[in-house]
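Visitor: Okay, here's the structure, questions in a sec.
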DNA sequence: AATGAATGAGTATTCATTCAT
DNA sequence: GATGAATGAATACTCATTCAT
């Protein structure tokens with residue numbers, strides 16, 4: 007899946023990141039070699055190192071970009087939304103459709119969530135915590151709104167419903183991402199909010 | 007995490023498997039070297055190969071044993087149970103508590119679900135399909151019982167709630183496994199069965 | 007036997023080949039390790055793999071180059087020769103003196119004639135068949151010229167006389183290669199052509 | 007090619023030797039593992055070491071037995087023979103037919119002629135020298151008889167004709183061993199003895 | 001901005017051999 | 001006589017990375 011481009015500098019790094027997403031998604035970060043990535047980008051091995059200082063730096067960039075995009079996307083979609091239920095719908099919908107539209111990113115994000123080490127751990131950890139805090143906050147708010155005390159595990163269980171998709175989601179057979187998002191939203195809200 | 011034991015032959019293979027679970031859980035299958043496993047078992051590198059013909063064969067054994075144990079465990083727990091709702095409760099409870107009691111196995115099973123290749127792929131694939139079929143069957147049965155048409159994605163979403171646990175479950179902080187199982191059961195049944 | 011040279015890229019692969027000839031000749035292909043070759047070339051282990059994709063690929067290259075050189079050498083030497091007896095003299099002489107001048111190649115070619123596997127087998131097999139065909143053709147032609155029916159084994163026996171040299175030929179003690187070539191030519195022609 | 011036997015001790019060692027001949031002939035001494043031999047004998051790996059102290063010891067035994075058998079065989083066949091020409095015929099015939107009847111031994115003897123090391127080198131070297139001396143002696147005697155000065159290389163060239171057979175002899179296609187022996191005898195005697 | 005060439009450290013695996021039983 | 005279990009040393013090969021150009 008080599009990337010064509012104008013060749014202008016700023017695009018090359020993104021091209022590498024996109025190719026690497028695909029390669030890491032297919033083989034897994036550890037099994038994929040930097041040579042595989044170079045082949046996919048149609049660039050020399052050494053050439054990659056002009057743009058990224060290490061293999062892990064590429065993974066870092068993939069994860070950072072994914073989290074930042076998701077956070078931006080939610081920030082925009084949530085602007086002006088007041089109703090906590092609506093907020094949750096918006097966030098689930100954004101998460102699920104983004105994942106469905108960016109399958110490789112989704113795989114890499116979900117599967118390699120504990121792969122980064124050293125200097126790379128913390129910045130991604132921070133993004134991840136911000137992301138979880140956002141969702142947990144909405145869930146709590148929604149509980150308060152409905153007069154239900156919600157377990158701190160609830161949001162994590164919700165993430166499970168969404169993130170596990172990387173193991174089974176198939177655009178050709180699983181239905182539309184929006185349908186799945188609605189489904190997950192329905193299960194979660196009914197399940198968490200209604201008392202038996 | 008060396009294994010203590012009588013050293014009698016039949017135990018050695020199981021000891022290797024258990025140590026490997028721990029090593030693979032901590033470092034990931036690909037990053038873990040066979041040397042790491044050997045060190046954990048306190049056995050020589052070559053000694054391992056007397057029991058397992060390859061690194062992948064160990065992973066295979068871990069996965070096979072885990073699926074077989076889960077299937078056996080469910081078969082036993084389901085014996086005599088007629089009510090579909092009760093069946094689901096039993097299965098979720100079995101799955102979640104088994105995972106919580108066997109954190110390493112859970113991690114390896116969830117994280118390395120697509121790692122096996124070649125001759126090892128199919129037997130595990132077959133076990134996995136049997137397992138999914140079991141849960142899907144119960145979910146469908148439950149839907150019929152309640153007069154609700156359940157999406158084929160529902161069971162996969164349920165697996166997400168349970169399997170994603172490997173990323174967040176901490177025995178010291180997440181509450182008892184049984185509580186989590188009840189929680190997931192509640193979310194799922196209420197969410198899936200109640201019409202809005 | 008490290009290679010001296012300008013170090014310019016095109017020479018490196020040939021340098022590796024020559025060192026490997028020497029190493030394989032001394033220890034035998036199987037007993038020689040790629041480390042031995044690397045040491046002989048004064049290059050790192052991994053460096054070799056930049057030029058050759060496997061140990062067998064080096065052996066392949068040695069054998070290919072030897073057969074191609076011999077075939078070229080014969081083609082040139084036979085140009086313009088009509089007399090079958092003269093042709094045979096030329097070929098025997100070329101084969102024996104080439105072997106004597108390239109003792110390592112000779113050893114590797116004779117000793118490792120059945121060592122190559124997989125993708126490497128066929129191309130060398132083809133060269134070998136061409137070579138045998140050339141000699142068999144000349145022997146048959148010579149027989150026809152003298153009105154003698156020559157057994158198909160004759161050429162193989164001739165190859166035996168020449169190729170077995172690798173077990174006994176010692177430049178310091180066996181006499182000149184040309185003398186040996188004359189000797190073999192004499193034995194073969196007299197022996198095969200004269201009726202008792 | 008497992009060996010059946012009465013199980014009585016003296017036979018086991020011979021059985022191992024025969025199986026090893028077959029294994030070494032097929033894969034070459036270096037590529038064949040002691041495990042391959044054990045499998046062929048249908049004996050445990052460790053069991054072999056009761057009979058042979060090392061892999062090389064088996065090769066040694068194969069070579070020793072082959073040379074001793076050949077020497078015995080020649081001694082018997084030469085008893086009472088006076089005519090040098092007849093002596094040579096007898097020796098060539100014995101060598102070639104023995105090789106044809108014991109293809110595996112022939113391969114191992116010819117191919118692994120320089121494989122033995124250490125304590126094993128000398129005893130086999132001594133047998134080899136005795137064998138070469140025998141043939142060289144007959145050739146010289148024959149030359150004297152016919153009034154021809156024979157080069158010391160002649161016998162080595164003769165060995166080449168015979169020993170190279172291991173690369174081409176096929177019982178199904180190469181004709182009878184006796185015919186080949188006659189052929190080699192004819193080529194050698196005519197070629198070496200007749201003056202042009 | 002990009003690359004050919006090179007390498008040190010590491011990988012899974014195999015091997016001949018041993019030894020307690 | 002024979003074996004199951006075990007091991008130290010080696011093997012071919014791969015990898016992320018660097019550097020002179």
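Protein chains in written order, with our numbering: chain A, 7 to 202; chain B, 7 to 202; chain C, 7 to 202; chain D, 7 to 202.
Glycine included, every Cβ here is placed at the ideal spot set by N, Cα and C.
(1) For residue 112 of chain A, does the three-state DSSP call read helix, strand or coil?
(2) Let me know the secondary structure DSSP gives residue 122 of chain D once reduced to three states.
(3) Using a Cβ-Cβ cutoff of less than 6 Å, which residues in the same chain neighbour residue 150 of chain C once the five nearest sequence positions on both sides are dropped?
(4) Looking at the secondary structure, which residues open and close the alpha helix (DSSP H) in which residue 167 of chain A lies?
(5) Going along the region 142 to 165 of chain D in order, which residues come within less than 9 Å of chain C, judged by CB to CB distance?
(6) If we count the other Cβ atoms within 10 Å of its Cβ and call it buried at 16 or more, is residue 56 of chain D buried or exposed?
(7) Roughly how many angstroms separate the alpha carbons of residue 42 of chain C and residue 48 of chain C, rounded to a whole number?
(8) Going along the region 35 to 52 of chain D in order, which residues come within less than 9 Å of chain C, judged by CB to CB distance?
(9) Helix, strand or coil: how does DSSP classify residue 73 of chain D here?
(10) Around the C-beta of residue 39 of chain B, are 16 or more other C-beta atoms found within 10 angstroms, so that it is buried, or is it exposed?
(11) Taking the C-alpha atoms as reference points, what is the distance between residue 165 of chain A and residue 97 of chain A?
(12) In angstroms, rounded to a whole number, what distance separates the CA positions of residue 155 of chain D and residue 89 of chain C?
(13) Restricting to runs no shorter than 4 residues, where is the alpha helix (DSSP H) found entirely within the region 26 to 74 of chain D?
(14) What's the C-alpha gap between residue 185 of chain C and residue 158 of chain D?
(15) Quick check on this structure: which residue in D/187, D/196, D/132 has the alpha carbon closest to the alpha carbon of residue 74 of chain D?
(16) Can you tell me whether residue 175 of chain C is helix, strand or coil according to DSSP?
(17) Kindly say whether residue 120 of chain C, judged by its beta-carbon, lies nearer than 9 Å to any beta-carbon of chain D.
(18) Kindly list the residues whose CB is nearer than 6 Å to the CB of residue 208 of chain B, restricted to its own chain and excluding five residues on each side of it in sequence; keep chain order.
(19) Could you check whether the region 109 to 127 of chain C touches the region 186 to 200 of chain C, counting it as contact only if at least three pairs of C-beta atoms, one from each stretch, sit closer than 8 Å?
(20) Establish whether the CB of residue 196 of chain D and some CB of chain C are separated by less than 9 Å.
(21) Can you tell me whether residue 27 of chain C is buried or exposed, with buried defined as 16 or more other CB within 10 angstroms of its CB?
(22) Specify, as a first and last residue, the run of the alpha helix (DSSP H) that residue 154 of chain D falls within.
(23) Where does residue 255 of chain B land, buried or exposed, given buried means 16+ other C-beta within 10 angstroms?
(24) So residue 65 of chain D packs on residue 35 of chain D, CB below 8 Å; how close in whole Å?
(25) According to DSSP, is residue 99 of chain B part of a helix, a strand, or is it coil?
(26) Along chain A, in chain order, which residues have C-beta atoms closer than 7 Å to that of residue 180 of chain B?
(27) Given a cut-off of 9 Å on the beta-carbon distance, is the pair residue 4 of chain A and residue 108 of chain B in contact?
(28) Residues of chain A with CB closer than 7 Å to the CB of residue 95 of chain B, please, in chain order.
(29) Compute the Euclidean distance between the alpha carbons of residue 110 of chain B and residue 188 of chain B, then round it to the nearest angstrom.
(30) Short check: CB of residue 72 of chain B to CB of residue 114 of chain B, under 9 Å?
(31) Buried or exposed: which applies to residue 176 of chain B, given that a residue is buried once 16 or more other Cβ atoms fall within 10 Å of its Cβ?
(32) Is it right to say residue 59 of chain B is buried, meaning 16 or more other beta carbons lie within 10 angstroms of its own, or is it exposed?
(33) Suppose you measure from the CA of residue 33 of chain B to the CA of residue 68 of chain D; what does that come to, to the nearest Å?
(34) Are any of the Cβ atoms in chain B nearer than 9 Å to that of residue 173 of chain A?
Guide: The relevant details are as follows:
(1) helix
(2) coil
(3) none
(4) 159 to 169
(5) 157, 158, 159, 160, 162, 163, 164, 165
(6) exposed
(7) 10 Å
(8) Residues passing the 9 Å Cβ filter: 35, 36, 37.
(9) helix
(10) exposed
(11) 11 Å
(12) 30 Å
(13) If only complete runs of 4 or more residues are kept, the region 26 to 74 of chain D shows the alpha helix (DSSP H) at 40 to 47, 51 to 57, in order along the chain.
(14) Just so you know, the alpha carbons of residue 185 of chain C and residue 158 of chain D end up roughly 12 Å apart.
(15) Comparing Cα positions, the closest option is D/132.
(16) coil
(17) yes
(18) Residue coverage of chain B in this structure runs from 7 to 202, which leaves residue 208 of chain B outside it and unanswerable.
(19) They do not touch, by the three-pair rule.
(20) yes
(21) buried
(22) That residue, residue 154 of chain D, is in no alpha helix (DSSP H); it is neither H nor E in DSSP.
(23) The structure shown has nothing for residue 255 of chain B, since chain B only spans 7 to 202.
(24) About 6 Å separates the two Cβ atoms, so the contact holds.
(25) helix
(26) Close partners of residue 180 of chain B in chain A (Cβ separation under 7 Å): 159.
(27) Because chain A here runs from 7 to 202, residue 4 of chain A falls outside it and cannot be looked at.
(28) Near residue 95 of chain B there are no residues of chain A at all, since even the closest Cβ is about 13 Å away, more than 7 Å.
(29) Computed Cα separation, rounded: 22 Å.
(30) yes
(31) exposed
(32) exposed
(33) 50 Å
(34) yes
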